[in-house]
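Remarks on the structure that follows.
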Amino acid sequence: MQNIQLPLHGNPNVGKSTIFNGLTGMHQHTGNWPGKTVANAAGICKYQNEDYLLVDIPGTYSIMSNSEEEEIARNYICFGNPDATVVIIDATCLERNLNLVYQIMEITPNIVVCVNLLDEAKKKGIHIDLAELEKILGVPVVGTIARKKKTLQNLMEQVHKVCVRQESKKPNTTQYLPYIEDGIHLLQEEIEKMLPKEKQYLARWVAIKLMDREESIIRAIEQNLGINITTHKEICKRLDRVKGILENQGIEKQQVQDKMISSIVFEAETICEDVIEYENRSYYQRDRKIDKILTSKKWGIPIMLAFLGLIFWLTITGANYPSQLLSEFFGWLQEKIVYAFDYMGSPEWLKGILIDGMYRTLTWVIAVMLPPMAIFFPLFTILEDLGYLPRLAFNLDKYFRKAGSTRKASTYHVHGIWM
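Numbering (our numbering), first residue to last: 17 to 435.
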(Lines of atoms letter the chains of each structure in order from A and count residues from 1; the text may use other names and numbers.)
(Lines give C-alpha, C1' and ligand atoms only; values in the text may rest on other atoms or scores of the structure.)
Protein backbone atom coordinates (compact mmCIF):
# COMPACT_ATOMS: atom_id res chain seq x y z
CA MET A 1 0.00 0.00 0.00
CA GLN A 2 1.29 3.45 -0.91
CA ASN A 3 1.28 6.33 1.57
CA ILE A 4 0.33 9.67 0.08
CA GLN A 5 -0.23 12.77 2.14
CA LEU A 6 -1.85 16.06 1.35
CA PRO A 7 -0.28 19.06 3.12
CA LEU A 8 -1.35 22.43 1.78
CA HIS A 9 -1.70 26.15 2.37
CA GLY A 10 -4.05 27.02 5.22
CA ASN A 11 -6.53 28.98 3.09
CA PRO A 12 -9.95 27.41 3.79
CA ASN A 13 -10.99 27.95 0.16
CA VAL A 14 -8.13 25.99 -1.40
CA GLY A 15 -10.24 22.83 -1.87
CA LYS A 16 -8.09 20.32 0.06
CA SER A 17 -11.05 18.58 1.71
CA THR A 18 -12.97 18.46 -1.56
CA ILE A 19 -10.08 16.72 -3.30
CA PHE A 20 -9.56 14.36 -0.36
CA ASN A 21 -13.26 13.42 -0.30
CA GLY A 22 -13.37 13.07 -4.07
CA LEU A 23 -10.45 10.62 -4.09
CA THR A 24 -11.35 8.56 -1.02
CA GLY A 25 -15.15 8.58 -1.22
CA MET A 26 -16.59 6.63 1.71
CA HIS A 27 -13.31 4.87 2.53
CA GLN A 28 -12.32 7.31 5.29
CA HIS A 29 -11.69 7.34 9.01
CA THR A 30 -10.87 10.15 11.41
CA GLY A 31 -9.00 10.40 14.70
CA ASN A 32 -6.39 12.41 16.56
CA TRP A 33 -2.62 12.53 16.04
CA PRO A 34 -0.81 10.66 18.85
CA GLY A 35 -0.53 12.95 21.85
CA LYS A 36 -2.24 15.81 19.98
CA THR A 37 -5.72 17.34 19.92
CA VAL A 38 -5.60 18.14 16.19
CA ALA A 39 -7.85 15.82 14.19
CA ASN A 40 -6.66 13.81 11.21
CA ALA A 41 -8.46 12.07 8.40
CA ALA A 42 -7.26 9.12 6.35
CA GLY A 43 -8.80 7.24 3.47
CA ILE A 44 -8.14 4.64 0.78
CA CYS A 45 -7.99 5.51 -2.91
CA LYS A 46 -7.75 2.75 -5.54
CA TYR A 47 -5.89 3.53 -8.77
CA GLN A 48 -4.18 1.28 -11.33
CA ASN A 49 -4.76 -1.81 -9.14
CA GLU A 50 -2.93 -0.12 -6.26
CA ASP A 51 -4.31 0.92 -2.88
CA TYR A 52 -3.19 4.38 -1.77
CA LEU A 53 -3.54 5.57 1.81
CA LEU A 54 -4.23 9.30 1.73
CA VAL A 55 -3.58 11.20 4.95
CA ASP A 56 -5.24 14.59 5.23
CA ILE A 57 -2.56 16.65 7.00
CA PRO A 58 -3.71 19.84 8.79
CA GLY A 59 -3.61 22.78 6.38
CA THR A 60 -0.90 25.33 7.20
CA TYR A 61 0.61 28.55 5.91
CA SER A 62 4.11 27.14 6.43
CA ILE A 63 5.92 24.29 8.17
CA MET A 64 8.26 26.35 10.33
CA SER A 65 6.77 24.96 13.54
CA ASN A 66 4.99 28.08 14.79
CA SER A 67 1.89 26.11 15.74
CA GLU A 68 0.73 22.59 16.56
CA GLU A 69 -0.67 22.08 13.05
CA GLU A 70 2.61 23.13 11.42
CA GLU A 71 4.57 20.84 13.72
CA ILE A 72 2.35 17.88 12.85
CA ALA A 73 2.57 18.53 9.10
CA ARG A 74 6.36 18.95 9.24
CA ASN A 75 6.97 15.84 11.35
CA TYR A 76 4.74 13.66 9.20
CA ILE A 77 6.42 14.72 5.98
CA CYS A 78 9.94 14.46 7.42
CA PHE A 79 9.71 11.37 9.58
CA GLY A 80 6.52 9.56 8.51
CA ASN A 81 8.23 7.92 5.51
CA PRO A 82 5.56 8.81 2.93
CA ASP A 83 5.94 7.58 -0.62
CA ALA A 84 4.87 10.98 -1.95
CA THR A 85 3.62 14.32 -0.73
CA VAL A 86 0.90 16.17 -2.62
CA VAL A 87 0.87 19.92 -2.06
CA ILE A 88 -2.42 21.54 -3.02
CA ILE A 89 -2.24 25.23 -3.84
CA ASP A 90 -4.70 27.90 -4.92
CA ALA A 91 -4.52 28.95 -8.57
CA THR A 92 -6.00 32.36 -7.73
CA CYS A 93 -3.15 33.30 -5.36
CA LEU A 94 -0.21 31.26 -6.65
CA GLU A 95 2.50 33.59 -5.39
CA ARG A 96 1.45 33.30 -1.75
CA ASN A 97 1.04 29.51 -1.96
CA LEU A 98 4.48 28.84 -3.47
CA ASN A 99 5.97 29.68 -0.07
CA LEU A 100 4.73 26.33 1.27
CA VAL A 101 5.80 24.48 -1.89
CA TYR A 102 9.41 25.65 -1.57
CA GLN A 103 9.52 24.77 2.13
CA ILE A 104 8.33 21.21 1.43
CA MET A 105 10.72 20.80 -1.51
CA GLU A 106 13.55 21.37 1.00
CA ILE A 107 12.33 18.29 2.91
CA THR A 108 11.40 15.71 0.30
CA PRO A 109 12.12 15.14 -3.42
CA ASN A 110 8.95 13.05 -3.86
CA ILE A 111 6.43 15.82 -4.32
CA VAL A 112 3.49 16.50 -6.63
CA VAL A 113 2.15 20.05 -6.84
CA CYS A 114 -1.60 20.25 -7.38
CA VAL A 115 -2.79 23.64 -8.64
CA ASN A 116 -6.47 23.63 -7.69
CA LEU A 117 -9.34 26.07 -8.35
CA LEU A 118 -8.43 26.56 -12.00
CA ASP A 119 -12.10 27.39 -12.68
CA GLU A 120 -12.00 30.25 -10.17
CA ALA A 121 -8.75 31.51 -11.70
CA LYS A 122 -10.34 31.47 -15.15
CA LYS A 123 -13.27 33.56 -13.88
CA LYS A 124 -10.76 36.15 -12.66
CA GLY A 125 -8.93 36.13 -15.97
CA ILE A 126 -5.86 34.34 -14.58
CA HIS A 127 -4.10 31.81 -16.82
CA ILE A 128 -1.23 29.66 -15.50
CA ASP A 129 1.32 27.93 -17.71
CA LEU A 130 1.48 24.66 -15.77
CA ALA A 131 4.15 23.16 -18.05
CA GLU A 132 6.45 26.14 -17.44
CA LEU A 133 5.73 26.00 -13.70
CA GLU A 134 6.69 22.31 -13.67
CA LYS A 135 9.91 23.09 -15.53
CA ILE A 136 10.86 25.83 -13.07
CA LEU A 137 10.01 23.87 -9.90
CA GLY A 138 11.48 20.61 -11.20
CA VAL A 139 8.58 18.54 -9.82
CA PRO A 140 5.31 17.28 -11.37
CA VAL A 141 2.58 19.93 -11.53
CA VAL A 142 -1.08 19.07 -12.13
CA GLY A 143 -4.01 21.43 -12.60
CA THR A 144 -7.30 20.38 -11.02
CA ILE A 145 -10.88 21.44 -10.49
CA ALA A 146 -11.80 19.49 -7.38
CA ARG A 147 -15.39 18.88 -8.43
CA LYS A 148 -14.33 17.27 -11.75
CA LYS A 149 -13.31 13.62 -11.46
CA LYS A 150 -11.24 13.72 -14.66
CA THR A 151 -8.82 16.26 -13.22
CA LEU A 152 -8.48 14.15 -10.06
CA GLN A 153 -7.59 11.17 -12.25
CA ASN A 154 -4.81 13.27 -13.79
CA LEU A 155 -3.55 13.99 -10.29
CA MET A 156 -3.52 10.29 -9.38
CA GLU A 157 -1.67 9.48 -12.61
CA GLN A 158 1.16 11.78 -11.58
CA VAL A 159 1.15 10.32 -8.07
CA HIS A 160 1.25 6.83 -9.60
CA LYS A 161 4.32 7.79 -11.64
CA VAL A 162 6.14 9.07 -8.55
CA CYS A 163 5.18 6.22 -6.20
CA VAL A 164 5.02 3.13 -8.41
CA ARG A 165 7.08 3.92 -11.50
CA GLN A 166 9.68 5.79 -9.42
CA GLU A 167 9.67 8.70 -11.90
CA SER A 168 10.25 11.38 -9.29
CA LYS A 169 12.33 14.41 -10.25
CA LYS A 170 14.84 16.50 -8.37
CA PRO A 171 13.22 19.68 -7.00
CA ASN A 172 14.84 23.00 -7.83
CA THR A 173 15.12 24.30 -4.30
CA THR A 174 15.56 27.96 -3.46
CA GLN A 175 19.05 29.37 -3.71
CA TYR A 176 19.52 31.70 -0.78
CA LEU A 177 21.94 34.60 -0.42
CA PRO A 178 25.58 33.52 -1.08
CA TYR A 179 26.74 33.73 2.55
CA ILE A 180 23.73 31.64 3.68
CA GLU A 181 24.46 29.06 0.99
CA ASP A 182 28.11 28.94 2.18
CA GLY A 183 26.90 28.17 5.69
CA ILE A 184 24.49 25.50 4.46
CA HIS A 185 27.18 23.69 2.42
CA LEU A 186 29.60 23.84 5.35
CA LEU A 187 27.12 22.08 7.66
CA GLN A 188 25.59 19.81 5.02
CA GLU A 189 28.86 17.99 4.33
CA GLU A 190 29.17 16.82 7.93
CA ILE A 191 25.46 16.16 8.48
CA GLU A 192 25.35 13.77 5.50
CA LYS A 193 27.93 11.59 7.24
CA MET A 194 25.69 11.28 10.32
CA LEU A 195 22.46 10.40 8.52
CA PRO A 196 21.51 6.93 7.26
CA LYS A 197 21.71 6.59 3.49
CA GLU A 198 17.93 6.63 2.99
CA LYS A 199 17.69 9.94 4.91
CA GLN A 200 20.68 11.80 3.46
CA TYR A 201 18.39 13.94 1.30
CA LEU A 202 17.42 15.69 4.57
CA ALA A 203 20.97 16.98 5.14
CA ARG A 204 20.38 20.35 3.48
CA TRP A 205 17.15 20.94 5.41
CA VAL A 206 18.78 19.95 8.72
CA ALA A 207 21.61 22.41 7.98
CA ILE A 208 19.06 25.16 7.37
CA LYS A 209 17.32 24.42 10.66
CA LEU A 210 20.64 24.50 12.49
CA MET A 211 21.42 27.89 10.99
CA ASP A 212 18.12 29.51 11.98
CA ARG A 213 18.27 27.81 15.42
CA GLU A 214 14.71 26.43 15.53
CA GLU A 215 15.07 24.48 18.77
CA SER A 216 11.79 22.54 18.57
CA ILE A 217 12.66 21.30 15.07
CA ILE A 218 16.21 20.38 16.10
CA ARG A 219 14.83 18.33 19.01
CA ALA A 220 12.43 16.56 16.64
CA ILE A 221 15.31 15.82 14.23
CA GLU A 222 17.45 14.30 16.98
CA GLN A 223 14.55 12.28 18.36
CA ASN A 224 13.26 10.89 15.07
CA LEU A 225 16.56 10.38 13.23
CA GLY A 226 18.48 9.07 16.22
CA ILE A 227 21.37 11.51 15.91
CA ASN A 228 22.83 14.11 18.25
CA ILE A 229 23.78 17.20 16.28
CA THR A 230 23.77 19.82 19.03
CA THR A 231 26.71 18.25 20.90
CA HIS A 232 28.61 16.77 17.95
CA LYS A 233 32.11 18.28 18.08
CA GLU A 234 32.62 18.78 14.35
CA ILE A 235 29.11 20.21 13.89
CA CYS A 236 29.71 22.65 16.76
CA LYS A 237 33.00 23.76 15.17
CA ARG A 238 31.31 24.31 11.84
CA LEU A 239 28.44 26.18 13.51
CA ASP A 240 31.00 28.56 14.99
CA ARG A 241 32.44 29.11 11.51
CA VAL A 242 28.94 29.73 10.14
CA LYS A 243 28.32 32.20 12.95
CA GLY A 244 31.49 34.01 11.90
CA ILE A 245 30.34 34.13 8.26
CA LEU A 246 27.01 35.66 9.30
CA GLU A 247 28.62 38.15 11.69
CA ASN A 248 30.89 39.37 8.88
CA GLN A 249 27.71 40.17 6.96
CA GLY A 250 26.14 41.87 9.98
CA ILE A 251 23.46 39.19 10.29
CA GLU A 252 22.20 38.08 13.71
CA LYS A 253 20.83 34.58 14.22
CA GLN A 254 17.20 35.79 14.50
CA GLN A 255 17.55 37.44 11.10
CA VAL A 256 18.58 34.27 9.26
CA GLN A 257 15.03 32.93 8.92
CA ASP A 258 13.76 36.31 7.71
CA LYS A 259 16.47 36.37 5.01
CA MET A 260 15.49 32.86 3.91
CA ILE A 261 11.80 33.72 3.78
CA SER A 262 12.62 36.85 1.77
CA SER A 263 14.50 34.71 -0.76
CA ILE A 264 11.51 32.36 -1.10
CA VAL A 265 9.10 35.28 -1.54
CA PHE A 266 11.34 36.84 -4.20
CA GLU A 267 11.58 33.46 -5.97
CA ALA A 268 7.77 33.12 -5.91
CA GLU A 269 7.32 36.62 -7.34
CA THR A 270 9.77 35.87 -10.16
CA ILE A 271 8.03 32.60 -11.01
CA CYS A 272 4.60 34.18 -11.11
CA GLU A 273 5.83 36.82 -13.56
CA ASP A 274 6.96 33.98 -15.85
CA VAL A 275 3.99 31.59 -15.61
CA ILE A 276 0.93 33.78 -15.00
CA GLU A 277 -0.92 35.77 -17.64
CA TYR A 278 -3.70 38.17 -16.67
CA GLU A 279 -6.51 39.02 -19.08
CA ASN A 280 -7.03 42.22 -17.14
CA ARG A 281 -3.70 43.39 -15.78
CA SER A 282 -5.41 46.16 -13.86
CA TYR A 283 -7.05 43.49 -11.66
CA TYR A 284 -3.62 42.45 -10.44
CA GLN A 285 -2.41 46.03 -10.11
CA ARG A 286 -5.55 47.07 -8.23
CA ASP A 287 -5.03 44.22 -5.78
CA ARG A 288 -1.45 45.40 -5.20
CA LYS A 289 -2.60 48.98 -4.58
CA ILE A 290 -5.15 47.75 -2.04
CA ASP A 291 -2.41 45.72 -0.34
CA LYS A 292 -0.20 48.79 -0.05
CA ILE A 293 -2.98 50.63 1.81
CA LEU A 294 -4.43 47.84 3.97
CA THR A 295 -1.02 46.50 5.05
CA SER A 296 0.91 49.77 5.24
CA LYS A 297 2.69 50.79 8.43
CA LYS A 298 0.75 54.07 8.51
CA TRP A 299 -2.79 52.99 7.64
CA GLY A 300 -2.87 49.20 8.19
CA ILE A 301 -3.59 49.16 11.93
CA PRO A 302 -6.07 52.13 11.95
CA ILE A 303 -8.07 50.59 9.08
CA MET A 304 -8.05 47.21 10.83
CA LEU A 305 -9.31 48.75 14.08
CA ALA A 306 -12.00 50.67 12.18
CA PHE A 307 -13.21 47.49 10.40
CA LEU A 308 -13.28 45.41 13.57
CA GLY A 309 -14.86 48.27 15.57
CA LEU A 310 -17.61 48.60 12.96
CA ILE A 311 -18.28 44.86 12.98
CA PHE A 312 -18.48 44.68 16.78
CA TRP A 313 -20.69 47.79 16.91
CA LEU A 314 -23.07 46.35 14.32
CA THR A 315 -23.09 43.04 16.17
CA ILE A 316 -23.79 44.47 19.62
CA THR A 317 -26.19 47.22 18.55
CA GLY A 318 -27.95 45.20 15.88
CA ALA A 319 -28.44 42.21 18.17
CA ASN A 320 -30.36 44.21 20.80
CA TYR A 321 -33.53 44.49 18.74
CA PRO A 322 -33.96 40.83 17.66
CA SER A 323 -32.91 39.72 21.17
CA GLN A 324 -35.68 41.82 22.69
CA LEU A 325 -38.24 40.52 20.17
CA LEU A 326 -37.23 36.91 20.82
CA SER A 327 -37.37 37.45 24.57
CA GLU A 328 -40.89 38.92 24.33
CA PHE A 329 -42.01 36.11 22.04
CA PHE A 330 -40.67 33.39 24.34
CA GLY A 331 -42.29 35.16 27.33
CA TRP A 332 -45.65 35.20 25.56
CA LEU A 333 -45.23 31.55 24.58
CA GLN A 334 -44.34 30.65 28.18
CA GLU A 335 -47.66 32.05 29.39
CA LYS A 336 -49.51 29.82 26.94
CA ILE A 337 -47.50 26.74 28.01
CA VAL A 338 -48.14 27.47 31.71
CA TYR A 339 -51.84 27.84 30.94
CA ALA A 340 -51.79 24.45 29.14
CA PHE A 341 -50.03 22.78 32.09
CA ASP A 342 -52.54 24.28 34.57
CA TYR A 343 -55.42 23.14 32.37
CA MET A 344 -54.05 19.57 32.47
CA GLY A 345 -53.53 19.77 36.24
CA SER A 346 -49.77 19.15 36.11
CA PRO A 347 -47.94 19.13 39.48
CA GLU A 348 -45.78 22.12 40.45
CA TRP A 349 -42.53 20.10 40.49
CA LEU A 350 -43.06 19.06 36.85
CA LYS A 351 -43.80 22.67 35.81
CA GLY A 352 -40.66 23.78 37.65
CA ILE A 353 -38.43 21.30 35.81
CA LEU A 354 -39.86 21.73 32.31
CA ILE A 355 -40.78 25.43 32.29
CA ASP A 356 -38.72 27.26 34.92
CA GLY A 357 -35.70 25.02 34.30
CA MET A 358 -35.43 23.66 30.77
CA TYR A 359 -37.65 26.07 28.81
CA ARG A 360 -36.39 29.31 30.37
CA THR A 361 -32.74 28.28 30.11
CA LEU A 362 -33.05 27.21 26.48
CA THR A 363 -35.00 30.28 25.36
CA TRP A 364 -32.67 32.64 27.26
CA VAL A 365 -29.63 31.18 25.48
CA ILE A 366 -31.38 31.44 22.10
CA ALA A 367 -32.54 35.04 22.69
CA VAL A 368 -29.10 36.18 23.87
CA MET A 369 -26.74 34.22 21.61
CA LEU A 370 -28.53 33.66 18.31
CA PRO A 371 -28.87 37.32 17.13
CA PRO A 372 -25.18 38.29 17.61
CA MET A 373 -24.06 35.03 15.99
CA ALA A 374 -26.42 35.59 13.06
CA ILE A 375 -24.89 39.05 12.54
CA PHE A 376 -21.21 38.55 13.42
CA PHE A 377 -20.40 35.43 11.41
CA PRO A 378 -21.89 36.63 8.09
CA LEU A 379 -20.01 39.93 8.46
CA PHE A 380 -16.76 38.11 9.23
CA THR A 381 -17.39 35.77 6.29
CA ILE A 382 -17.72 38.79 4.00
CA LEU A 383 -14.31 40.04 5.19
CA GLU A 384 -12.87 36.59 4.52
CA ASP A 385 -14.38 36.39 1.02
CA LEU A 386 -13.04 39.87 0.24
CA GLY A 387 -9.55 38.67 1.18
CA TYR A 388 -9.13 40.97 4.16
CA LEU A 389 -8.40 38.32 6.82
CA PRO A 390 -4.94 37.40 5.43
CA ARG A 391 -4.13 41.13 5.40
CA LEU A 392 -5.37 41.43 8.97
CA ALA A 393 -3.13 38.52 9.97
CA PHE A 394 -0.20 40.21 8.23
CA ASN A 395 -0.78 43.41 10.22
CA LEU A 396 -0.87 41.50 13.52
CA ASP A 397 2.04 39.17 12.72
CA LYS A 398 4.69 41.32 14.41
CA TYR A 399 2.71 41.70 17.64
CA PHE A 400 1.64 38.06 17.86
CA ARG A 401 5.19 36.86 17.25
CA LYS A 402 6.40 39.05 20.11
CA ALA A 403 3.75 37.43 22.29
CA GLY A 404 4.98 33.97 21.25
CA SER A 405 1.90 33.25 19.13
CA THR A 406 1.33 32.78 15.39
CA ARG A 407 -0.08 35.09 12.73
CA LYS A 408 -3.13 32.94 12.07
CA ALA A 409 -4.01 33.06 15.77
CA SER A 410 -5.11 36.66 15.18
CA THR A 411 -8.26 35.53 13.40
CA TYR A 412 -9.03 33.03 16.17
CA HIS A 413 -8.61 35.73 18.81
CA VAL A 414 -10.88 38.12 16.93
CA HIS A 415 -13.52 35.41 16.89
CA GLY A 416 -13.04 34.87 20.61
CA ILE A 417 -13.20 38.49 21.78
CA TRP A 418 -16.99 38.75 21.75
CA MET A 419 -17.58 35.15 22.87
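Built from N, CA and C at the ideal position, the CB exists for glycine as well.
Since this is a predicted model, take the numbers as computed values, not measurements.
Next item on the list: Please go through the same chain and pick out, in chain order, the residues whose beta-carbon is closer than 8 angstroms to the beta-carbon of N91, but skip the five residues on each side of it.
Entry: Within the sequence shown, residue 91 is the residue found at index 75, counting from 1. Excluding the 5 residues flanking it on each side, N91 has same chain C-beta neighbours closer than 8 angstroms at A236, N240, in chain order.
Margin query: Please state the DSSP three-state secondary structure of Y77.
Written below: Numbered from its first residue, the sequence shown carries residue 77 at position 61. Residue state, collapsed to three classes: coil.
Note to self: Can you tell me whether C252 is buried or exposed? The criterion is at least 16 other CB atoms within 10 Å of its CB, across all chains shown.
What the structure shows: The residue labelled residue 252 in the question sits at position 236 within the sequence shown. By the Cβ-count criterion, C252 is exposed, with fewer than 16 other Cβ atoms from all chains shown falling within 10 Å of its own Cβ.
Margin query: Check whether chain D comes within 8 angstroms of T397, counting only Cβ atoms and requiring the distance to be less than that.
Written below: In the structure shown, chain D does not exist; there is a single protein chain.
Item checked: Alpha-carbon spacing of W221 relative to V384, whole angstroms -> Translated into positions along the sequence shown, residue 221 becomes position 205. Translated into positions along the sequence shown, residue 384 becomes position 368. If you take the alpha carbons of W221 and V384, they lie about 52 angstroms apart.
Notebook entry, point to check: Quick one, which of I196, D413, R304, E122 has its alpha-carbon nearest L436's?
Noted result: Since the displayed the chain opens at 17 and closes at 435, residue 436 lies outside it and no answer follows.
Next item on the list: Give the single residue among D228, N244, T286 whose Cα lies nearest to the Cα of I259.
Entry: As a position in the sequence shown, residue 259 is number 243, starting the count at 1. Per the sequence shown, residue 259 should be read as Lys rather than Ile. K259 has its Cα closest to that of D228, out of D228, N244, T286.
Check: Counting Cβ pairs, one atom from each stretch, are 3 or more of them under 8 angstroms apart for the stretch 96-105 and the stretch 126-140?
Finding: At 8 angstroms Cβ cutoff, the stretches touch.
Margin query: Taking 8 angstroms as the limit between beta carbons, can you name the residues of its chain near Y118, skipping five residues before and five after?
Written below: Taking the sequence shown and counting its residues from 1, the one referred to as residue 118 is at position 102. Closer than 8 angstroms at Cβ, skipping near neighbours: T189, T190, I280, E283, A284.
Check: My guess is that N115 and S78 are in contact by the Cβ rule of under 8 angstroms, so how many angstroms apart are they, rounded?
Finding: Along the sequence shown, one-based indexing puts residue 115 at 99. Along the sequence shown, one-based indexing puts residue 78 at 62. Between S78 and N115 the Cβ distance is about 6 angstroms, and since that is below 8 angstroms, they are a contact.
Next item on the list: Give the secondary structure of I200 by DSSP, where H, G and I count as helix, E and B as strand, and everything else as coil.
Entry: Counted from its first residue, the sequence shown places residue 200 at position 184. Residue state, collapsed to three classes: helix.
Check: Would you call the stretch 326-334 and the stretch 388-396 in contact, with 3 or more CB pairs under 8 angstroms?
Finding: Under the three-pair Cβ rule at 8 angstroms, the stretch 326-334 counts as touching the stretch 388-396.
Item checked: N-terminal and C-terminal residue of the beta strand (DSSP E) that Y1 is part of -> With the chain represented from 17 up to 435, any question about residue 1 goes unanswered, as that position is not in the structure.
Margin query: Spatial neighbours of E148 within its chain, please: C-beta separation below 8 angstroms, excluding the five flanking residues on both sides.
Written below: Stepping through the sequence shown from its first residue, residue 148 is reached at position 132. Cβ contact annotation for E148 (same chain, cutoff 8 angstroms, sequence separation greater than five): D290, V291, in chain order.
Notebook entry, point to check: Relative to the alpha-carbon of P74, which residue among F36, C179, M360, P338 has its alpha-carbon at the smallest distance?
Noted result: Position 58 of the sequence shown holds residue 74. Residue F36 is the option with its Cα nearest to P74.
Check: Apart from the five residues just before and just after L193, which ones in its own chain have a Cβ nearer than 7 angstroms to its Cβ?
Finding: Translated into the one-based positions of the sequence shown, residue 193 becomes position 177. The residues are K275, S279.
Check: Are the beta-carbon atoms belonging to T101 and E86 less than 8 angstroms from one another?
Finding: Position 85 of the sequence shown holds residue 101. Position 70 of the sequence shown holds residue 86. The Cβ atoms of T101 and E86 lie no closer than 8 angstroms to each other.
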